[in-house]
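Enquirer: Before I ask anything, here is the structure I am working with.
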Amino acid sequence: MATTEAFNFGPVPAAPRLNGADIGFMMVAAALVFFMIPGLCLHFSGVSKRDFTLTLVRLPLITTGVVGCVWYMWGYALAFSPAVFNAAELHGVSWYGGDTKANAYIDVAARPVGIQGPNPLVLTGPKIPEMVYVFYQGMFACFTASLVSGGAAGKTRAGRYILFITLWTTLVYCPVARWTWHPLGWSKLRGAMDFAGGTAVHVCSGSSVAALAAVSQFDAANWRTTVVFRRRTVKIDVKTWKVWRWLSIEKQTSPDHVELSTNSLGTGYNANGHARAPGPQNSVQRPRARVDRGELSLPYSINHMVLGTALLWVGWFGFNGGSALGANLRAVSACLATQAAACAGGTIGLLVHWGLGGLDKKVSTRPDTLTHIPSIQEFCDGVIAGLVAVTPAAGYVPVTYAPVFGIIGAIICKILRMIMYYLLPADKLAIFAVHAGGGATGMLLTAFFANDATTGLDGYSRLTDKTMGARFRDQALDIIACLFYSFTMTFAIRVVMKSVEVVIGAGRPARNDRFDHYPDTYEAMPQFQRRKPLEEAGREFLSEAPSPVTLLPEQSMAMGNKKTLIRITWDLPLLFQVPEDAFETKFPPKEPDEVADDH
Numbered sequence: 001m002a003t004t005e006a007f008n009f010g011p012v013p014a015a016p017r018l019n020g021a022d023i024g025f026m027m028v029a030a031a032l033v034f035f036m037i038p039g040l041c042l043h044f045s046g047v048s049k050r051d052f053t054l055t056l057v058r059l060p061l062i063t064t065g066v067v068g069c070v071w072y073m074w075g076y077a078l079a080f081s082p083a084v085f086n087a088a089e090l091h092g093v094s095w096y097g098g099d100t101k102a103n104a105y106i107d108v109a110a111r112p113v114g115i116q117g118p119n120p121l122v123l124t125g126p127k128i129p130e131m132v133y134v135f136y137q138g139m140f141a142c143f144t145a146s147l148v149s150g151g152a153a154g155k156t157r158a159g160r161y162i163l164f165i166t167l168w169t170t171l172v173y174c175p176v177a178r179w180t181w182h183p184l185g186w187s188k189l190r191g192a193m194d195f196a197g198g199t200a201v202h203v204c205s206g207s208s209v210a211a212l213a214a215v216s217q218f219d220a221a222n223w224r225t226t227v228v229f230r231r232r233t234v235k236i237d238v239k240t241w242k243v244w245r246w247l248s249i250e251k252q253t254s255p256d257h258v259e260l261s262t263n264s265l266g267t268g269y270n271a272n273g274h275a276r277a278p279g280p281q282n283s284v285q286r287p288r289a290r291v292d293r294g295e296l297s298l299p300y301s302i303n304h305m306v307l308g309t310a311l312l313w314v315g316w317f318g319f320n321g322g323s324a325l326g327a328n329l330r331a332v333s334a335c336l337a338t339q340a341a342a343c344a345g346g347t348i349g350l351l352v353h354w355g356l357g358g359l360d361k362k363v364s365t366r367p368d369t370l371t372h373i374p375s376i377q378e379f380c381d382g383v384i385a386g387l388v389a390v391t392p393a394a395g396y397v398p399v400t401y402a403p404v405f406g407i408i409g410a411i412i413c414k415i416l417r418m419i420m421y422y423l424l425p426a427d428k429l430a431i432f433a434v435h436a437g438g439g440a441t442g443m444l445l446t447a448f449f450a451n452d453a454t455t456g457l458d459g460y461s462r463l464t465d466k467t468m469g470a471r472f473r474d475q476a477l478d479i480i481a482c483l484f485y486s487f488t489m490t491f492a493i494r495v496v497m498k499s500v501e502v503v504i505g506a507g508r509p510a511r512n513d514r515f516d517h518y519p520d521t522y523e524a525m526p527q528f529q530r531r532k533p534l535e536e537a538g539r540e541f542l543s544e545a546p547s548p549v550t551l552l553p554e555q556s557m558a559m560g561n562k563k564t565l566i567r568i569t570w571d572l573p574l575l576f577q578v579p580e581d582a583f584e585t586k587f588p589p590k591e592p593d594e595v596a597d598d599h
């Protein structure tokens, strides 16, 4: 049965001889992509605050299980099955899949899946079984959703998060993945170049996290936002989009004559901050109005962050190299470009912080005295930025230009992190700045550095015959569409869910993160370190080992009888330790006279 769909369903004969090397390579690449998810667990938990460490260790892995079920039941069908409507009626563009034969992998077997060549309706290239393609793309879906989970920590409860990530995968990721990678997707037909997910993975997840952060900020401020200008503060009611209050910063200070007054005629200040009456209570100048952006905290565990970055670095070779869908020279070039960009990004991130550390003291998570010392944290951030930036370009640009992506990506992400600290403070992990900013940077740079010789290393792929300006326009259009669609849909999903919570009376606060209230949490808690607020020497957050017999209040309530068990277990060695002066205390030495009397 003839059809114009590139991914055929039905009685399509399998390739007589499948390439075992391609199949083995793709299976290893898919496993490496999955290997990145534990890397996210460690990286997110390492750079986060202590309050969210346990949640971020578990949330990406929980997300993988939920999204894997969604991908199995209907996700793959929406993203890559034949279109619901006839493609000819939509001028050759396929927006959504909907073939029920792809649900639950019913009709996913050994049919060959080729790579798009110059003609989007003609399949060329190595033939890999569709079941391998399903497996590989499923890992991409799980990894993208795991990135979003980093921005959802502390913003919703466990059950509501599972519902949210299910809706997000269905309504946000699947459509974006289809227009990016399906041969009949509108972005693919226009000639946009996204080798391994600059938009479908990084821009999509980053903009979704930005939407979650925006909803969290609006909700915390009762859906009012504050914009600070040089001399005045404007508060806007988001519900009505009207100016709610216009405050002069200078009026927030007490009048000059209050210091000369000895009368106590008032109680201080009114609710609006203005002085009610002169008196001693008004003699202290009020601080100027400002927007509280929250206190920064040190990363919880540098070891977790470094190990997580290393796991991500290793897995990224399967992430980019496997996008060639075969064991060929293009895959080798993509892996080599990935390594070069990561090294360049990490090095430039380290040098920028080392040489210009004083410029980011306001957003640095380390003491000011350490801003001119090489930072492993900044190195890891630069590595991640370089990997993200080279993702859409790994199979299109020569390896010679790969370090450019790492250098520019690390610098752009560093600048965006400094800006987003003020504009998007609820994004504690800077996912929008690193992933959306790095992905967009890589997409735009691909338009200038894409090379037909590198693209054709697999033996069949070719670049579209367009000018550099036309390619830049297609890349920018793809970025804008993904950014707008992902942000809008994620924002709408969260607003609708919160509206339903209000209607049914379930709109209780999230209390930071409900994933920490698992039974195994309390057995893991004693390994955490308590932190002093400030030492006499002025050093912040010095750590001390917890007392083995002292439990936190919430542990005592939750553990019940386990408290006694732990006390007995930990105090047992003390029973066999005899103090040196025990016998001297219980059996004091006799005086000389007493010794003589005994004889």
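Counting from 1, one number per residue, gives the positions in the sequence shown under the UniProt record's numbering.
No residue lacks a Cβ here, since even glycine has one placed at the ideal position from N, Cα and C.
1. How far does the alpha helix (DSSP H) with Lys188 in it reach, from first residue to last?
2. In terms of residue numbering, what span does the alpha helix (DSSP H) encompassing Pro299 cover?
3. Using beta-carbon positions only, say whether Ile411 and Met443 come within less than 8 Å of one another.
4. In chain order, what residues of the same chain have a beta carbon less than 8 Å from the beta carbon of Ala102, not counting five sequence neighbours either side?
5. In whole angstroms, give me the CA-to-CA distance for Ala341 and Ala476.
6. Assuming Thr199 and Thr180 are in contact, meaning their beta carbons sit under 8 Å apart, how far apart are those beta carbons, in whole angstroms?
7. Could you say if the segment 52 to 59 and the segment 308 to 323 meet the contact criterion of at least three C-beta pairs nearer than 8 Å?
8. Determine the DSSP secondary structure at Lys155, reduced to helix, strand or coil.
9. In whole angstroms, what separates the C-alpha of Thr455 from that of Ile504?
10. Grab me the residues of Cys174's own chain with a C-beta within less than 7 Å of its C-beta, minus the 5 sequence neighbours each way, in chain order.
11. Could you compute how far the alpha carbon of Ala404 sits from the alpha carbon of Thr441?
12. What is the DSSP secondary structure of Pro398, counted as helix, strand or coil?
13. Bridge partners for Gly442 per DSSP, in chain order?
14. Got a sec? Which residues, its chain only, sit under 8 Å from Lys466 by beta carbon, not counting five neighbours each side?
15. Ends of the alpha helix (DSSP H) at residue 617?
16. State the DSSP-derived secondary structure class of Lys101, mapped to helix, strand or coil.
17. For Met73, which residues from the same chain have a beta carbon less than 7 Å from its beta carbon, with the 5 sequence-adjacent residues on both sides left out?
18. Short check: CB of Gly438 to CB of Val388, under 8 Å?
19. So what's Pro374 in DSSP terms, helix, strand or just coil?
20. Indicate whether Thr446 and Val397 have their beta-carbon atoms separated by less than 8 Å.
21. Using the rule of at least 16 other Cβ atoms within 10 Å of the residue's Cβ for burial, across every protein chain shown, is Val502 buried or exposed?
22. Less than 8 Å between the C-beta atoms of Met305 and Val47, yes or no?
23. Give me the residue from Leu42, Met139 and Met131 with the minimum Cα distance to Ala29.
24. Out of Ala385, Val495 and Asp219, point me to the one whose CA is closest to Gly206's CA.
25. List, from N- to C-terminal side, the alpha helix (DSSP H) runs of 4 residues or more that fit wholly inside the segment 407 to 469.
26. Find out if the Cβ-Cβ distance for the pair Arg178, Gly97 is shorter than 8 Å.
27. With the cut-off set at 8 Å, would you say Ile165 and Thr64 are in Cβ contact?
28. Roughly how many angstroms separate the alpha carbons of residue 643 and Leu416, rounded to a whole number?
29. Please report the residue range of the alpha helix (DSSP H) in which Ser81 lies.
30. Around the Cβ of Met26, are there at least 16 other Cβ atoms within 10 angstroms (buried) or fewer (exposed)?
31. For Asn19, which of helix, strand or coil comes out of DSSP?
32. Just the C-alpha distance for Leu457 and Ser333, rounded to the nearest angstrom, thanks.
33. Please report the distance separating the alpha-carbon of Ala152 from that of Gly382.
34. Would the beta-carbon of Leu40 fall within 8 Å of that of Ser208?
35. Should Asn328 go down as buried or exposed, given a rule of 16 or more other Cβ atoms within 10 Å for buried?
Expert: From the atom records:
1. Counted from its first residue, the sequence shown places residue 188 at position 188. Lys188 -> alpha helix (DSSP H) spans Trp186 to Arg190.
2. Here residue 299 refers to the residue found at position 299 of the sequence shown. No alpha helix (DSSP H) contains Pro299, which DSSP labels as neither H nor E.
3. Stepping through the sequence shown from its first residue, residue 411 is reached at position 411. Stepping through the sequence shown from its first residue, residue 443 is reached at position 443. Not closer than 8 Å, so no.
4. Residue numbering aside, residue 102 sits at position 102 when the sequence shown is read from its first letter. Closer than 8 Å at Cβ, skipping near neighbours: Phe9, Tyr76, Ala77, Phe80, Ser81 and Val108.
5. Taking the sequence shown and counting its residues from 1, the one referred to as residue 341 is at position 341. Taking the sequence shown and counting its residues from 1, the one referred to as residue 476 is at position 476. Distance between the alpha carbons of Ala341 and Ala476: 22 Å.
6. As a first step, residue 199 is located in the sequence shown; it is residue number 199 there, counting from the start. As a first step, residue 180 is located in the sequence shown; it is residue number 180 there, counting from the start. Going by Cβ atoms, the distance from Thr199 to Thr180 rounds to 6 Å, so yes, they are a contact pair.
7. no
8. Along the sequence shown, read from residue 1 onward, the residue named residue 155 stands at position 155. Reduced to three states, the DSSP call for Lys155 is coil.
9. In the sequence shown, counting from the first residue as 1, residue 455 sits at position 455. In the sequence shown, counting from the first residue as 1, residue 504 sits at position 504. Each residue's Cα considered, the two are about 54 Å apart.
10. In the sequence shown, counting from the first residue as 1, residue 174 sits at position 174. Only Gly75, Leu78 and Ala79 meet the Cβ criterion.
11. Reading the sequence shown from its first residue, position 404 is the one you call residue 404. Reading the sequence shown from its first residue, position 441 is the one you call residue 441. It is worth fixing the name first, because residue 404 is Val in this sequence and not Ala. C-alpha separation (whole angstroms): 11 Å.
12. The residue labelled residue 398 in the question sits at position 398 within the sequence shown. Of the three classes helix, strand and coil, the one that applies to Pro398 here is coil, per DSSP.
13. Taking the first residue of the sequence shown as 1, we reach residue 442 at position 442. Paired residue(s): none; Gly442 is not in a bridge.
14. To locate residue 466, count along the sequence shown from 1; it is residue 466. Within the same chain, Lys466 has close Cβ partners Gly191 and Asp474.
15. There is simply no residue 617 to check, as the chain begins at 1 and stops at 599 in what is shown.
16. Counted from its first residue, the sequence shown places residue 101 at position 101. Helix.
17. Within the sequence shown, residue 73 is the residue found at index 73, counting from 1. Hits under 7 Å: Asn103 and Ala104.
18. Along the sequence shown, one-based indexing puts residue 438 at 438. Along the sequence shown, one-based indexing puts residue 388 at 388. A contact, by the Cβ cut-off of 8 Å.
19. Reading the sequence shown from its first residue, position 374 is the one you call residue 374. The answer is coil: DSSP assigns Pro374 none of H, G, I, E or B.
20. As a working mapping, residue 446 is identified with position 446 in the sequence shown. As a working mapping, residue 397 is identified with position 397 in the sequence shown. For Thr446 and Val397, yes; Cβs fall inside 8 Å.
21. Taking the first residue of the sequence shown as position 1, residue 502 is located at position 502. Under this definition Val502 is an exposed residue.
22. Reading the sequence shown from its first residue, position 305 is the one you call residue 305. Reading the sequence shown from its first residue, position 47 is the one you call residue 47. Yes, Cβ-Cβ distance for Met305 and Val47 is below 8 Å.
23. Stepping through the sequence shown from its first residue, residue 29 is reached at position 29. Nearest option by C-alpha distance: Met139.
24. As a working note, residue 206 is residue 206 in the sequence shown. The residue with the shortest Cα to Cα distance from Gly206 is Ala385.
25. 437 to 449 and 452 to 455
26. Locating residue 178 in the sequence shown gives position 178, counting from the first residue. Locating residue 97 in the sequence shown gives position 97, counting from the first residue. Yes, these two residues count as a Cβ contact at 8 Å.
27. On the sequence shown, residue 165 is found 165 positions in, with the first residue counted as 1. On the sequence shown, residue 64 is found 64 positions in, with the first residue counted as 1. No.
28. In the structure displayed, the chain extends from 1 to 599; residue 643 sits before or after that span and is not available.
29. Position 81 of the sequence shown holds residue 81. Where Ser81 is concerned, there is no enclosing alpha helix (DSSP H), given that its DSSP letter is neither H nor E.
30. Position 26 of the sequence shown, counted from the start, is the residue given in the question as residue 26. With 16 or more Cβ atoms within 10 Å of its Cβ, Met26 is classed as buried.
31. Counted from its first residue, the sequence shown places residue 19 at position 19. Note: Asn19 maps to coil in three-state DSSP.
32. Your numbering for residue 457 matches position 457 in the sequence shown. Your numbering for residue 333 matches position 333 in the sequence shown. Straight-line Cα distance between these residues: approximately 8 Å.
33. On the sequence shown, residue 152 is found 152 positions in, with the first residue counted as 1. On the sequence shown, residue 382 is found 382 positions in, with the first residue counted as 1. Computed Cα separation, rounded: 23 Å.
34. For this step, residue 40 is matched to residue 40 along the sequence shown. For this step, residue 208 is matched to residue 208 along the sequence shown. Not closer than 8 Å, so no.
35. The residue given as residue 328 occupies position 328 in the sequence shown. Asn328 should be labelled buried.
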